[in-house]
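Peer 1: Before I ask anything, here is the structure I am working with.
In this note's numbering, the protein residues as written are 311 to 842.
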């Protein structure tokens, strides 16, 4: 337990309402019981970039700039900003913002947080890739200095939570928890943010309870005073809990139950395409794949092999049978809602078993080869079934694949340990809503700069593609920048750097008295939820 807040909450909440200190629109005192297939891996807001973790953390921690319900950038802890020079931004913090322990938010906390998020153990390093300095002007004013003009700095800052410097240092949490080593840290189970909800208790993989922050600086337009997160791994159990009223919101409704839920009295659904894409990352670094293969020869380094694996995938069958129509097949590894999406390139290489066999024969593998496919178990909707389907499709062209589905924590540990995974399947979100982020993090080879190649875990390197991606970062003309994005994605597609699959279509299910608007980032913010 992070704090003993129950008695403090009741007294503080009444006092806040009495003096008008809590900006609350509707009547309040309602509990939102939130269920999903997975729990947050940690409460550390700079450690783990996965939806279950950020979903919980965003109730507690806040960035300098955020997004509204339409995902437009809005002021959060920073009330204003201006670009005083091409590479200098001046921010003004809101006055009288308090952390949950009562400490005042100052520029020192911002400087600490932006330094912390750039640490090697952070999953959020691309957000500060251009930041070279953060300079304090006064307690509520600071400058961010960048290495070059950064057109998407504000979008990137929406992903950086601000932590309290004194609290973090006092609890030996100056650096983010290291998820690759499954490290346990104070910040794993404790928190101290500025957000609308405070951590009351946490039992990982069982239940996490948040209670409303009586001293919250902002407006809570909903009426949720308690947020209970219950991870329920089994899809049938999750649905049963919703139908019985044990929970009143399910983030990831099972595909096989969606039509039944839509037809059930007392249940409402909401959904749409997600801001992420399911794709496969292939290891180009390993000298030898697992299985019975020629020594010192990695077939995945050959573009013909990568294309063969791509063309052996029956994406229509995956869409209709595995995903039951709740997927949009794609040839691009980020969604159409992202700035720079090249619609003309969104045409998949055709499913063609004979063409795949010919490519394998041409590459010197007429009898195929073998490798292990790492997948998550119950992290994404129908992920294990998808993993098995890919194995069966590749078997038709003589490629022998061993599926290895594991829980998300083990999966992250393996894929982030370079050289361990032959190939892995994952859905990645373009959290900045700009294509450069996906190209920089997943395709660019590491340059030594924060965030560059952070998720290029297959060790792919192509000087021509690197050059094209790096040109995007410094281009200020939007039309030219879009052309550069197109060029980089075209090169990516030609060389089959990754194998794209589909954009998931997500469905939220809730009791009919719960009013929650779906967002394509698949993140629910309790402060906007009303329970009637």
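Glycine residues also receive a C-beta, built at the ideal position from the N, C-alpha and C atoms.
Keeping to the same chain, check which residues put their C-beta closer than 7 Å to that of residue 666; ignore five residues upstream and five downstream.
Peer 2: Indexing the chain shown from 1 puts residue 666 at position 356. Result list for residue 666: 618, 621, 622, 707, in chain order.
Peer 1: Which partner residues of residue 581 appear in the DSSP bridge assignment?
Peer 2: Translated into the one-based positions of the chain shown, residue 581 becomes position 271. 817.
Peer 1: Start and end of the beta strand (DSSP E) containing residue 733?
Peer 2: Within the chain shown, residue 733 is the residue found at index 423, counting from 1. Its beta strand (DSSP E) spans residues 733-739.
Peer 1: For residue 678, tell me which candidate among 753, 602, 509, 721 has the shortest Cα-Cα distance.
Peer 2: Numbered from 1 along the chain shown, position 368 holds the residue referred to as residue 678. Answer by Cα proximity: 602.
Peer 1: Is it true that the CB of residue 643 sits closer than 8 Å to the CB of residue 589?
Peer 2: For the purposes of this step, residue 589 is taken as the residue at position 279 of the chain shown. For the purposes of this step, residue 643 is taken as the residue at position 333 of the chain shown. Against a cut-off of 8 Å, the Cβ pair of residue 643 and residue 589 comes out as a contact.
Peer 1: Report the option in 783, 760, 510, 416 whose CA atom is closest to the CA atom of residue 374.
Peer 2: Within the chain shown, the letter at position 64 stands for residue 374. That would be 416, whose Cα lies nearest to the Cα of residue 374.
Peer 1: Give the secondary structure of residue 537 by DSSP, where H, G and I count as helix, E and B as strand, and everything else as coil.
Peer 2: Mapped onto the chain shown, residue 537 falls at position 227. The answer is strand: DSSP assigns residue 537 an E or B state.
Peer 1: Whose C-beta lies closer than 8 Å to the C-beta of residue 407 among residues of the same chain, with five residues either side of it excluded?
Peer 2: For the purposes of this step, residue 407 is taken as the residue at position 97 of the chain shown. Once the five neighbours on either side are set aside, the close Cβ partners of residue 407 are 387, 414, 415, 504, 527.
Peer 1: State the start and end residues of the unbroken beta strand (DSSP E) segment that holds residue 802.
Peer 2: Residue mapping note: residue 802 aligns to position 492 of the chain shown, counting from 1. Here residue 802 belongs to no beta strand (DSSP E); instead the alpha helix (DSSP H) covers 788-805.
Peer 1: Would you mind stating whether residue 340 and residue 535 have Cβ atoms separated by less than 8 Å?
Peer 2: The residue you call residue 340 lines up with position 30 of the chain shown. The residue you call residue 535 lines up with position 225 of the chain shown. Their beta carbons are under 8 Å apart, which means residue 340 touches residue 535 by this criterion.
Peer 1: Considering only the beta carbon of each residue, do residue 357 and residue 585 sit closer than 8 Å?
Peer 2: As a working mapping, residue 357 is identified with position 47 in the chain shown. As a working mapping, residue 585 is identified with position 275 in the chain shown. The answer is no: Cβ separation not under 8 Å.
Peer 1: Work out the CA separation of residue 437 and residue 776 for me, nearest whole Å.
Peer 2: Translated into the one-based positions of the chain shown, residue 776 becomes position 466. Translated into the one-based positions of the chain shown, residue 437 becomes position 127. If you take the alpha carbons of residue 776 and residue 437, they lie about 19 Å apart.
Peer 1: Can you tell me which of the three DSSP states residue 420 falls into?
Peer 2: Translated into the one-based positions of the chain shown, residue 420 becomes position 110. Looking at residue 420 - three-state DSSP - the assignment turns out to be helix.
Peer 1: Using a Cβ-Cβ cut-off of 8 Å (strictly less than) and excluding sequence neighbours within five positions of residue 599, which residues of its own chain qualify?
Peer 2: As a first step, residue 599 is located in the chain shown; it is residue number 289 there, counting from the start. Excluding sequence neighbours, residue 599 sits near 593, 608, 609, 610, 679, 680, 681, 682, 732.
Peer 1: Near residue 371, which residues of its chain fall below 6 Å by C-beta distance, leaving aside the five closest residues on each side in sequence?
Peer 2: Within the chain shown, residue 371 is the residue found at index 61, counting from 1. So the list reads 355, 471, 503, 505, once near-sequence residues are dropped.
Peer 1: CA-CA distance, residue 317 and residue 836?
Peer 2: On the chain shown, residue 317 is found 7 positions in, with the first residue counted as 1. On the chain shown, residue 836 is found 526 positions in, with the first residue counted as 1. Model confidence at residue 317 stands at a pLDDT of 35, short of 50, so the residue's coordinates are unreliable; what they give is reported in the following sentence. Cα to Cα, the separation comes out at about 22 Å.
Peer 1: Thinking C-alpha only, which one of 793, 445, 460 is nearest residue 396?
Peer 2: One-based indexing of the chain shown puts residue 396 at position 86. Comparing Cα positions, the closest option is 460.
Peer 1: Going by DSSP, what residues sit across from residue 590 in a beta bridge?
Peer 2: Taking the chain shown and counting its residues from 1, the one referred to as residue 590 is at position 280. Per DSSP, 735, 809.
Peer 1: Please return the same chain residues whose Cβ sits closer than 7 Å to the Cβ of residue 822, not counting the five positions on each side in sequence.
Peer 2: As a working note, residue 822 is residue 512 in the chain shown. Correct list, in chain order: 576, 577, 578.
Peer 1: State the Cα-Cα distance for the pair residue 669 and residue 770, rounded to the nearest angstrom.
Peer 2: Sequence index remark: in the chain shown, residue 669 carries index 359 (1-based). Sequence index remark: in the chain shown, residue 770 carries index 460 (1-based). Taking the straight line from one Cα to the other gives about 20 Å.
Peer 1: Relative to the C-alpha of residue 825, which residue among 841, 810, 833 is closest?
Peer 2: Position 515 of the chain shown, counting from 1, holds the residue named residue 825. Residue 825 has its Cα closest to that of 841, out of 841, 810, 833.
Peer 1: Hey, how far is the Cα of residue 674 from the Cα of residue 558?
Peer 2: As a first step, residue 674 is located in the chain shown; it is residue number 364 there, counting from the start. As a first step, residue 558 is located in the chain shown; it is residue number 248 there, counting from the start. Taking the straight line joining both Cα atoms gives about 56 Å.
Peer 1: Between the alpha carbons of residue 555 and residue 343, how many angstroms are there, rounded?
Peer 2: If you number the chain shown from 1, residue 555 lands on position 245. If you number the chain shown from 1, residue 343 lands on position 33. Each residue's alpha carbon lies about 9 Å from the other.
Peer 1: When you compare only the Cα positions, how much space is there between residue 832 and residue 656?
Peer 2: Working through the chain shown from its first residue, we reach residue 832 at position 522. Working through the chain shown from its first residue, we reach residue 656 at position 346. Those two C-alpha atoms are separated by around 23 Å.
Peer 1: Quick check: the Cα distance between residue 363 and residue 497, rounded to an integer number of angstroms?
Peer 2: The residue labelled residue 363 in the question sits at position 53 within the chain shown. The residue labelled residue 497 in the question sits at position 187 within the chain shown. Straight-line Cα distance between these residues: approximately 12 Å.
Peer 1: Under the three-state reduction of DSSP, which class applies to residue 567: helix, strand or coil?
Peer 2: Stepping through the chain shown from its first residue, residue 567 is reached at position 257. In the structure shown, residue 567 sits in a helix (DSSP, three-state: H, G or I).
Peer 1: Buried or exposed for residue 510, going by 16 or more other Cβ atoms inside 10 Å?
Peer 2: Residue mapping note: residue 510 aligns to position 200 of the chain shown, counting from 1. Under this definition residue 510 is a buried residue.
Peer 1: On the CB-based measure, 16 or more other CB atoms within 10 Å of its CB, does residue 625 come out buried or exposed?
Peer 2: As a working note, residue 625 is residue 315 in the chain shown. Classification of residue 625: buried, given that the 10 Å Cβ count is 16 or more.
Peer 1: Can you tell me where the beta strand (DSSP E) holding residue 391 begins and where it ends?
Peer 2: Mapped onto the chain shown, residue 391 falls at position 81. Residue 391 -> beta strand (DSSP E) spans 388-395.
Peer 1: Taking 6 Å as the limit between beta carbons, can you name the residues of its chain near residue 525, skipping five residues before and five after?
Peer 2: Residue numbering aside, residue 525 sits at position 215 when the chain shown is read from its first letter. So the list reads 408, once near-sequence residues are dropped.
Peer 1: Do residue 523 and residue 541 count as a contact pair if the criterion is CB distance below 8 Å?
Peer 2: Along the chain shown, read from residue 1 onward, the residue named residue 541 stands at position 231. Along the chain shown, read from residue 1 onward, the residue named residue 523 stands at position 213. Contact: no.
Peer 1: What did DSSP end up calling residue 353 once you bin it into helix, strand or coil?
Peer 2: Your numbering for residue 353 matches position 43 in the chain shown. It is coil, neither helix nor strand.
Peer 1: Leaving out five residues on either side along the sequence, give the residues of the same chain with a beta carbon under 7 Å from the beta carbon of residue 378.
Peer 2: What you label residue 378 is simply residue 68 of the chain shown in a count that begins at 1. These residues qualify, in order along the chain: 384.
Peer 1: What does DSSP give as the partner residue(s) for residue 507 in the beta ladder?
Peer 2: For the purposes of this step, residue 507 is identified with residue 197 of the chain shown, where counting begins at 1. Answer by DSSP bridge pairing, in chain order: 522.
Peer 1: In the DSSP assignment, find the unbroken alpha helix (DSSP H) run with residue 531 in it and report its ends.
Peer 2: The residue given as residue 531 occupies position 221 in the chain shown. Looking at the DSSP string, residue 531 is not in any alpha helix (DSSP H), and its letter there is neither H nor E.
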